[in-house]
Every structure is written in structure tokens, then in C-alpha cells.
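Chains as they are written, first to last, in the numbering used here: chain A, 2 to 334; chain B, 3 to 349. Just so it is clear, CB atoms sit at the ideal spot from N, CA and C, and this is done for glycine as well. In this text, all values refer to a predicted model and were calculated from it rather than measured experimentally.
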Amino acid sequence: MRKLLASFVATVLLAAAVALSAGAGEKKYKIAVVPKDSTNAWFVHMEKGVRKYANDTGHNAFQKGPAKTDAAQQVQVIQDLISQDIDALCVVPVDPAALEPVLAEAMEKKIVVICHEGSPVENCDYDLEAFNNADYGAFIMDNLAKAMGEKGVYTTMVAHVTNASHNEWADGAVARAKAAYPNLTLLAAEPRVESEDNSERSYEKAKELFKKYPELKGIVGTSSKDAPGVARAIEELGLKDKVFVSGTGMPNESRRFVKDGTLSYITLWDSSLAGAAMCALAVDVLNGVKIVDGLDLGVEGYHKLMFAPGSDKVLLGSGWIVIDAKTIDDYDF
Amino acid sequence: MPGPGNLEEPMRFKRHLRRSEPYIFAALLLLCLAVELRSGQFFTGNNIVDLARSLTVPAIFCIGEMLVLISGGVDVSFPAIASLSMYVVSRYLDDYQGTVALNLFVGAVLGLVMGGLNGFLVARFRFPAMLVTLGTTSVFSGILFGALGAREYPVPPPMYDLGKAKLFSAHNPVSGLSSDMPVSILLLALLLAATWFLLNRTLTGRGIYAIGGDPVAAERAGFNLFRIQMFIYCFSGALAGLTGVIRGSMMLNCHPTNLNGMEMTCIAACVLGGASITGGKGTLFGVMLGITLMTVMANSLILIGVPTYWQRVFTGAIILVGTGVSAYQALRGRRKPGAVARRAGHA
Numbered sequence: 002m003r004k005l006l007a008s009f010v011a012t013v014l015l016a017a018a019v020a021l022s023a024g025a026g027e028k029k030y031k032i033a034v035v036p037k038d039s040t041n042a043w044f045v046h047m048e049k050g051v052r053k054y055a056n057d058t059g060h061n062a063f064q065k066g067p068a069k070t071d072a073a074q075q076v077q078v079i080q081d082l083i084s085q086d087i088d089a090l091c092v093v094p095v096d097p098a099a100l101e102p103v104l105a106e107a108m109e110k111k112i113v114v115i116c117h118e119g120s121p122v123e124n125c126d127y128d129l130e131a132f133n134n135a136d137y138g139a140f141i142m143d144n145l146a147k148a149m150g151e152k153g154v155y156t157t158m159v160a161h162v163t164n165a166s167h168n169e170w171a172d173g174a175v176a177r178a179k180a181a182y183p184n185l186t187l188l189a190a191e192p193r194v195e196s197e198d199n200s201e202r203s204y205e206k207a208k209e210l211f212k213k214y215p216e217l218k219g220i221v222g223t224s225s226k227d228a229p230g231v232a233r234a235i236e237e238l239g240l241k242d243k244v245f246v247s248g249t250g251m252p253n254e255s256r257r258f259v260k261d262g263t264l265s266y267i268t269l270w271d272s273s274l275a276g277a278a279m280c281a282l283a284v285d286v287l288n289g290v291k292i293v294d295g296l297d298l299g300v301e302g303y304h305k306l307m308f309a310p311g312s313d314k315v316l317l318g319s320g321w322i323v324i325d326a327k328t329i330d331d332y333d334f
Numbered sequence: 003m004p005g006p007g008n009l010e011e012p013m014r015f016k017r018h019l020r021r022s023e024p025y026i027f028a029a030l031l032l033l034c035l036a037v038e039l040r041s042g043q044f045f046t047g048n049n050i051v052d053l054a055r056s057l058t059v060p061a062i063f064c065i066g067e068m069l070v071l072i073s074g075g076v077d078v079s080f081p082a083i084a085s086l087s088m089y090v091v092s093r094y095l096d097d098y099q100g101t102v103a104l105n106l107f108v109g110a111v112l113g114l115v116m117g118g119l120n121g122f123l124v125a126r127f128r129f130p131a132m133l134v135t136l137g138t139t140s141v142f143s144g145i146l147f148g149a150l151g152a153r154e155y156p157v158p159p160p161m162y163d164l165g166k167a168k169l170f171s172a173h174n175p176v177s178g179l180s181s182d183m184p185v186s187i188l189l190l191a192l193l194l195a196a197t198w199f200l201l202n203r204t205l206t207g208r209g210i211y212a213i214g215g216d217p218v219a220a221e222r223a224g225f226n227l228f229r230i231q232m233f234i235y236c237f238s239g240a241l242a243g244l245t246g247v248i249r250g251s252m253m254l255n256c257h258p259t260n261l262n263g264m265e266m267t268c269i270a271a272c273v274l275g276g277a278s279i280t281g282g283k284g285t286l287f288g289v290m291l292g293i294t295l296m297t298v299m300a301n302s303l304i305l306i307g308v309p310t311y312w313q314r315v316f317t318g319a320i321i322l323v324g325t326g327v328s329a330y331q332a333l334r335g336r337r338k339p340g341a342v343a344r345r346a347g348h349a
């Protein structure tokens, strides 16, 4: 018994010593992550990744965001954070253009700025994307095409026509349809519809579209509110198995529709991994690690980052997944 | 109604022209015809049902807002009140399996308490209603997102069932589309009837118009300013709380940020419908026309074929023209001698 106790004490001491030496050798940083909307389930899930990263590494990484998707409120949150002596700022911009001045201010104060879903932002060190936006759009299109039997008229839905990534995905989906599916046609009169990131609006807009354009057979959703809202409209209008929707969606919000087939596929990346990867990239930049093609952040889906073609700022991972009726119960967020 | 003499008939007609209801009605009719001409889908059963459904929540909000406007105040806190009620009812009654009446009742009581705070600050300290309700908006959403850490949450079973329940389905044999009329529309009808009675058949209703027209004169006439203002804000708060629960059940999911920005839509609808921003004036009929116009507009731009990039310009232009006409009517009314007497007559 005494031996056991002794070895236990020794182990604890040894572990403490290792932890201390590690702590002494590596500087710990204060990293703030600013999402678009801190109440949205997507970003609530991101916060889990940020917390886990903080626990695993000992860095002071935390998430703080506006209470609704509002560019002005996001600027306010970032201004408050800048004055709190942070080492790095990771932002998922609501409106990239509106953030430029405040991000420039952060960079002047030597704060490392990492963006996510904000490839047009100029005042940042790097922009980390879970994937190439055009490729993700193509991936959504492949899934929608499969549901539609590779033929028919479709259109695209975004939160706002000013939203950077949603529109790049939608463009990628359209390009993919043109290249690979000759029998798919984009609805010429309404090629892009706004859902205002609100599932009641995506529901209302979908009903309007199906009334006006009876030939419409598919919708590409980009905001995580699009696909579930459109699915609710499909169910109510009695269009199940006649028209299809595929797009970004959160498993919990979409579960019912995916299970009964009104929502063909939801695609996404894991926001908690994206949150952790942003922090990891920020730490690499702070430590002076050389950022080159093939960089490994030690986060799943971000083991081999590549610069976007022609860019020395935008880094791409390869972290998309598709969820259907069979796999949806594997996800609980 | 006592019939006026024949000599007064032209006067009465002119008086009606000075109200904003006829103009807003004409605008609504024109918009509906434009949608019908461009899409052939407006006057179909399923489209009318879709519009009625979209109208339900903002219309109930408008009833409360109208009372506040008539009394000479303005309330921007009702989306925050509704969101907080919706979230608390969804989150903390999530195991409850009984009748949905309890969910609605709890939502209304929560709203009543929050509206009561607005009313107390306005009536007791005579603070400007706009500042008070802006402040309480911050407090209520602070509690919602800060203290309670609100996020999307599934609604309790009774609310889900209410959202799924339908009065009837309007099926369109041509397009094969069908839409469900939500049961919640009955609540709107009930509230409209009750509010109409309150405003037109009770002394409190008289008092609401009176304190909005001239608070000093109203007090001299024996109306209790404090009591009437408390009543208005409590009533409007209770309506907001109730509406939050209805919204949650109609969406089958509680989205706490979903109602943000609706205060602007509703205030614009009330002003469009002839409710005066300076108080003393406004009718249920006019305000319902106003919110119907706003709802038809928000849900028909695709049917008309306005491209996405132009939709906000289009919406803004209609609001400008509509409120401009109302403001112009009010200005003309004020310039004429005897206008005050006439305004009182409209109440």
C-alpha cells in the first residue's frame, strides 16, 4: 500500500514537473474568437472547439460575439476586445467590408488577425477556410443533382447577396452544374434569392418561388437556415419527392426533415474544428512558424493546408462532410 | 348612428378623403392587382392562406404598438419581450405535455410583467417612451442572451402541436400546391375583436385617445393618466409575450434572434395605416391595412418579379411614399381651422 502511494505521489510530481517545464518553455497567448452570432447553434458548437483547444493547450482562448448577426454590433465587440490586451483575434465576419477599419486598428496594435469565411478581408494575417469555397459549392451541387436525378431547373439561396462565402458557394454550385450536369438549368429570372439568415424567411421565399415557377425542381441552400426552411415549405406545399433541397444545415435543426426525406442532404464542416484550427493557426503565426503549403495544424481536416490559387493569405483545409437520413443520428449538435 | 343632414354629406365625404385609410386601401389593391397580373397567383386560395399566415404574428404586434402610438408613446421593446417569453416558455416548460393554453398564458404573463416595467417608467416618471423602451430592450435581451445564454431550442410538444394544427388546407388544383391555415389566426381574430371593443365601447378606450391627443386636458376631464398608461403598456407587453409563444410554435423551433428588426416593420405599418406618431389618432382598420400592405409586399416581390438586388429599394420606396401621404394628410388636417375637433371626432 505504501509503495503504491509512493509511486502515485512520484507520478503526480513527475507530471507536475513536466507540465511546469512545458509551461515555462512555451509562451501562453490570449486569443479571442469572434463569431457572427453567439446564439446561433453553429457558433455555439464552434465555442466547444475553442474551449477544448484552450483546455488541451493551456492557451487562454475564448469566444465572444454579437447577440445577433449584425455587422455594426460585431465591430463593437471587436473594438472592446482590442482594448483588452489580446495577442490574437480570430473573426468570422458578418460583412467583410464593414470590418476592414477595425481589423486594421487591431493589426496596428500588433494583434495577429485570423479570419474564417472571410476571404475578401485585406486587413488580416491569414484567412482560414475549411475548404475551397468553389469546391464546397460544387459538392452541394453534386448532392442536389443526385436528388434531382441530374435534370431540371434549380436556383440558389443565400443569406444576403452581400455575404462573401455564401455567394462563392452558390457561384461554385452554378459553375459545377454548367460543367458536369448538362440537363440542369439555372432559373434565369431568379438566380439568387435572399433568406436573411432566417428560417421563417427562407420558408416564405421558397413558397413564393414554387408558386411563381412551377418548373423549379431544386434549391441550393447556403446559410444553415436555408435548407430546413425550404424543407418546411416543401412539406406544407405537398411537394415532397417532386422538388428537392440540399445545402448547409445543422443536424439538430434539420433532423426531422432529413429523416423523412423532405431535405435530401445537408452538407457542412465541423465548426468546432474550425474554431480550434483558427486558434492553432494564430499560435503558429505568433510563434513565428513559417506558413507554407502543407502546414499541419494538428486539427482534423486541417492536416495539410494549401494556399488558395494565386493567394498568399487564404489557406484552405479539406473538411467537408455530407449527412443523410442514414448518418444524421451520428451527429448531436 | 344618427344620420347627418343632407347638407353635411359633401363635408363627410371630404373628411374621409383626408383620412389615410382610403389611400392605403387603394395602394394595397393596386399592389395585389400588380401581383396578379404578373404571376396569376395572387387570388388563389393557397396564396391568400400563405399571406394570412405570414400576417398573424406582425398583426398582433401591431395591435399593441397601435395602442401605444395612440396614447402618444412609442414602443420598440416588443420584439425583445416576445423573444424572452418565447425562450423562457420553450426552455423551461420543455417537459410539459398538457394543453397549449398554459404555454400561451405563461408567455402572456411574462410579457405583462415586462410591459408593466415599461409602463411604470413611462407613467410614473414621465420619461419619453422611446428612451424607456430602448433601454428595456437592452435589459430584456441582456437577460436573454447574457444571463440565460439563449440559443436555438426545440419547442415543447404542445407548442409543436399548435404549430402543426391547421384550420383547413387550401389546395390549388392548377399548381398542385396546398397551404395550411394555422389555428393561431383565430387568436388574431379574437384579439382584434377585443381591442376594437376596448377602443370604441369603453371609457378606457376613450381615455387612450384622450391622453394621446392632449394629456393635460385629459387629466382635467378626469382620466387617470397613470392608470391608463400602465394599462396600455401591460396590455401591449402581454400581447408581445403571447405572440412570442405563437411565433415559436409556428416555426416549430425557438429562434431567439428571429424577431429582431420587426419593431421597424410594425411601426411603419401603423404609421402607414394612419396612426399618428404624435398620438391621439389611429384606427384598427387602418393599421391592419398597413400591416397587410407590408406583408403582401414582403411576400410578393418574387411573384411580381422584382430582382433580389432591387427588393430593398422597392420596399423602402413604398414605405416612403405611404408614410409621406399619411404625413401630408395630417399636415393638411392641422392647417384647417377646426381640425382638432375633427380629429377628436375620428377617435
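Euclidean distance between Cα positions of residue i and residue j
i, j, result
"A/G302", "A/A309", "16 Å"
"B/L164", "B/Y89", "16 Å"
"A/D227", "B/G209", "47 Å"
"A/L282", "B/M264", "39 Å"
"B/Y235", "B/A195", "19 Å"
"A/K327", "A/L269", "16 Å"
"A/P183", "B/S140", "53 Å"
"A/Q75", "B/P24", "43 Å"
"B/A191", "B/C34", "22 Å"
"B/L119", "B/F233", "11 Å"
"A/C280", "A/A62", "7 Å"
"B/L370", "A/D313", "Residue 370 of chain B is absent from the structure shown; chain B starts at 3 and stops at 349."
"B/I293", "B/A167", "24 Å"
"B/Q99", "A/A174", "44 Å"
"A/A68", "A/D57", "27 Å"
"A/D38", "B/L333", "43 Å"
"A/E191", "B/S180", "22 Å"
"B/S92", "B/L254", "11 Å"
"B/Y94", "B/P156", "11 Å"
"A/D242", "B/S177", "16 Å"
"A/A134", "A/E197", "Looking at the sequence provided, one finds Asn at residue 134 of chain A rather than Ala. When rounded, the distance between both Cα atoms is 20 Å."
"B/M299", "A/M251", "30 Å"
"B/L244", "A/V290", "56 Å"
"B/G224", "B/T206", "12 Å"
"A/N288", "A/Y30", "10 Å"
DSSP state of residue i mapped onto helix, strand, coil
i, result
"B/S180", "strand"
"A/K305", "coil"
"B/L333", "helix"
"A/V159", "strand"
"A/C125", "coil"
"B/S302", "coil"
"B/A349", "Reliability fails at B/A349, whose pLDDT of 39 lies under 50, so the model's placement of it is uncertain and the value that follows must be treated cautiously. Here B/A349 sits in coil by DSSP."
"B/Y211", "helix"
"A/G222", "strand"
"B/T58", "helix"
"B/S85", "helix"
"A/R257", "helix"
"B/F287", "helix"
"A/V315", "strand"
"B/R21", "coil"
C-beta contact flag for residue i and residue j at 8 Å
i, j, result
"A/L187", "A/Y155", "yes"
"A/I235", "A/V221", "no"
"B/M296", "B/T325", "no"
"B/L112", "B/S87", "yes"
"A/M307", "A/D294", "yes"
"A/I87", "A/E106", "no"
"A/A42", "A/K65", "no"
"B/V289", "B/M68", "yes"
"B/S85", "B/L193", "no"
Heavy atom of the ligand NAP within 7 Å of residue i beta-carbon
i, result
"B/T139", "Within the structure as shown, the ligand NAP is missing, as the structure has no ligands at all."
Problem - Runs of alpha helix (DSSP H) lying entirely within the segment 117-182 of chain B, each at least 4 residues, in chain order - result: The qualifying runs are 131-144, 159-166.
Practice task
Tell me the start and end of each unbroken alpha helix (DSSP H) in the segment 89-144 of chain A that is at least 4 residues and wholly inside, in chain order.
Solution key: Whole alpha helix (DSSP H) segments, 4+ residues: 97-109.
Practice task
Identify every run of the alpha helix (DSSP H) within the segment 260-291 of chain A, keeping only runs that are complete inside it and at least 4 residues long; order them along the chain.
Solution key: As far as the segment 260-291 of chain A is concerned, its whole alpha helix (DSSP H) runs of at least 4 residues are 272-287.
Practice task
Give, in chain order, every unbroken run of the alpha helix (DSSP H) that is at least 4 residues long and sits entirely within the segment 254-285 of chain B.
Solution key: The qualifying runs are 264-274.
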